[in-house]
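For reference, the structure is listed below as structure tokens.
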Amino acid sequence: MERNGKESRIIVRARITDIPGELCRRPITLGEIFCTEILGRSFNTKVSASTFDAVHIPHGFDSDKPVKRWFIYDLNVACNLEEQELLASIPHHVYQASLVDNQWMFVERDTWLSNAKSYCAMFCWGGREEQKITEALRKKETGFIASASTINS
9 MERNGKESRI IVRARITDIP GELCRRPITL GEIFCTEILG RSFNTKVSAS TFDAVHIPHG
69 FDSDKPVKRW FIYDLNVACN LEEQELLASI PHHVYQASLV DNQWMFVERD TWLSNAKSYC
129 AMFCWGGREE QKITEALRKK ETGFIASAST INS
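Note that the numbering used here has the sequence shown beginning at 9, numbered continuously upward.
Shown next, in the form of structure tokens:
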């Protein structure tokens, strides 16, 4: 997994009413729980010129009904990637999250990976708006825009 700072896309299926705290913070809260409990690190959503974590907010995440939603997290975003680059070079991991006796359980579901990866491909790596901000920050710092080829060379 990405414990060593490598980029990865994490897809988590969770019942939204299990996520504690304010309704509007559910996607962030689940990301914080996942990063703390599974990766042993903080969830870093502060957009910067170096790396950051992004969350793609699912429709209906703020419902008061006990429905399940897919939460998509892009971890250690360091550059823009096109869809084909994302699918070919970024590891994807899919989890089912459950709250059991006030303890979060994250079970990796490899059988869901192919369908989840296909669905998630429509979401811009790192978030569309976040990437615009990051590009501006990088250009300001370096004078050019970083791409996958400049980061990995």
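For each residue, glycine too, the CB sits at the ideal point set by N, CA and C.
field: Nearest-angstrom Cβ-Cβ length linking C132 and Q139, presumed shorter than 8 Å
entry: 6 Å
field: Limits of the alpha helix (DSSP H) - the one that L38 falls within
entry: 34-42
query: Can you name the residues that DSSP bridges to I19?
result: I80, V102
task: Would you decide whether S161 is buried or exposed? Buried here means 16 or more other CB atoms lie within 10 Å of its CB.
output: Bear in mind that a pLDDT of 46 at S161, under 50, signals an unreliable position, so the number given afterwards is only what the model happens to contain. Classification of S161: exposed, given that the 10 Å Cβ count is below 16.
query: Nearest CA to the CA of E45: which residue from H101, M113, F79?
result: M113
query: Is the region 55-62 touching the region 80-87, taking contact as three or more C-beta pairs under 8 Å?
result: yes
task: Check D70 in the structure and name its three-state DSSP category.
output: coil
task: Drop a sphere of 10 angstroms on the beta-carbon of P28, count the other beta-carbons inside from all chains shown, and report buried for 16 or more, exposed for fewer.
output: exposed
- prompt: On the three-state DSSP scale, how would you describe W133?
  reply: coil
query: beta strand (DSSP E) containing A62: first to last residue?
result: 60-64
message: Residues in the same chain with beta-carbon distance under 8 Å from L38, minus the five sequence neighbours each way, listed in chain order, please.
response: V20, A22, I27, F79, A105
query: Three-state secondary structure (DSSP) at E30?
result: coil
field: For N172, the three-state DSSP class (helix, strand or coil)
entry: Because the chain is modelled from 9 through 161, residue 172 falls outside the range shown and cannot be assessed.
query: Per DSSP, V115 forms a beta bridge with which residues?
result: Q104
- prompt: Tell me the DSSP bridge mates of V85?
  reply: F60
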